[in-house]
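Asks:
Numbering (the numbering used here), first residue to last: 495 to 745.
(1) Using the three-state DSSP reduction, which class does residue 560 fall into: helix, strand or coil?
(2) Please state whether DSSP places residue 527 in a helix, a strand or coil.
(3) Tell me which residues share the same chain as residue 614 and place their Cβ nearer than 7 Å to its Cβ, disregarding the 5 neighbours each side in the sequence.
(4) Just tell me which of 548, 591, 592 and 525 has its CA closest to the CA of residue 673.
(5) For residue 642, is the classification buried or exposed, using 16 other Cβ atoms within 10 angstroms of its Cβ as the cut-off for buried?
(6) Would residue 664 pass as a contact of residue 651 if the rule is Cβ separation under 7 Å?
(7) Please return the same chain residues whose Cβ sits closer than 6 Å to the Cβ of residue 704, not counting the five positions on each side in sequence.
(8) Tell me the rounded alpha-carbon separation between residue 581 and residue 542.
(9) Assuming residue 512 and residue 669 form a contact by the criterion Cβ under 8 Å, report the distance between their Cβ atoms to the nearest whole angstrom.
(10) Between the region 725–742 and the region 567–577, are three or more C-beta pairs nearer than 8 Å?
(11) Going by C-alpha distance, which of 740, 714, 701 and 726 is nearest residue 501?
(12) As a quick exercise: from 679, 687, 726 and 719, pick the residue whose alpha carbon is nearest that of residue 585.
(13) Between which residues of its own chain and residue 654 is the CB-CB distance below 6 Å, once the five residues before and five after are set aside?
(14) Relative to the C-alpha of residue 723, which candidate in 604, 699 and 692 has its C-alpha closest?
(15) Return yes when the C-beta of residue 573 is under 6 Å from any heavy atom of the ligand ATP, and no when it is not.
(16) Of the residues 640, 591, 634 and 520, which one's Cα is nearest the Cα of residue 738?
(17) Excluding the 5 residues flanking residue 707 on each side, which residues of the same chain have their C-beta closer than 6 Å to its C-beta?
(18) Taking only three categories from DSSP, how would you classify residue 614?
(19) Since residue 666 and residue 560 are thought to touch, with beta carbons under 8 Å apart, how far apart are those beta carbons, to the nearest angstrom?
(20) Assuming residue 518 contacts residue 544 under a Cβ cut-off of 8 Å, what Cβ separation, rounded to an integer in Å, is found between them?
(21) Under the assumption that residue 693 contacts residue 539 (Cβ atoms under 8 Å), give the Cβ distance between them as a whole number of angstroms.
(22) Hey, how far is the Cα of residue 594 from the Cα of residue 583?
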């Protein structure tokens, strides 16, 4: 029965990703608070599942020429050690701190989905940033992604668009960046802690299918409505987890 729940959860998450670009962020809290997984195990399984969505997303955006490969190459020099350090931190930090980090990530992600884009923002035809800054950004994104099990795109897309990268290129770069994060975070979780490969596999395969479904839905349903639905779910999860942390601290 658990396998069915995992497939449904992955399909839902993938549909959100395909429709509005954010969805993997719901996996870790859903696994932990709905299906009863330990938080660290849930975050490790979610990180592994993002390998599948990253491959599908990278192939899709590469076919359309929407990936800045220079950025991805240099970012990977930071993403890989960042993912290793994030997984290590996840395995040694107490659950309470991980809950705080996860709640903060959910609230930030929900706010980003709900906020309207700045129509006056100017995007550059070519994104050029100093190499050492790209590596540093990759280090931070890899660490945050592996630590919380929420996925690199949640962190990377808003940063890149704020810095002037075109939205499609930002999403494409974030999908390609997700692959090294998922690989090295998963290896590190297996080495430092615990990872449920079966759960991650079921989530990953169903998420990949969900992305295709979500892309189809996005062309039929109002985008604003879809964004609000995802935002409400993500913000609600963040508030719930944050409330539990506060209640536990004053109990």
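Here a beta-carbon is modelled for each residue, glycine too, at the ideal position from N, C-alpha and C.
Replies: Reading it off the structure:
(1) coil
(2) helix
(3) Here residue 614 scores only 49 on pLDDT, less than 50, and its place in the model is too uncertain to base an answer on.
(4) Of the candidates 548, 591, 592 and 525, the one whose C-alpha sits nearest the C-alpha of residue 673 is 548.
(5) buried
(6) yes
(7) 505, 508 and 509
(8) 11 Å
(9) About 12 Å separates the two Cβ atoms, so there is no contact after all.
(10) no
(11) 701
(12) Per the Cα distances, 687.
(13) Excluding positions up to five away in sequence, the list reads 664.
(14) With distances taken between Cα atoms, residue 723 lies closest to 604.
(15) The ligand ATP is absent from the structure shown, which contains no ligand whatsoever.
(16) 591
(17) 509
(18) Residue placement at residue 614 cannot be trusted, given a pLDDT of 49 that sits under 50; the coordinates are not used to answer.
(19) 4 Å
(20) 6 Å
(21) 4 Å
(22) 14 Å
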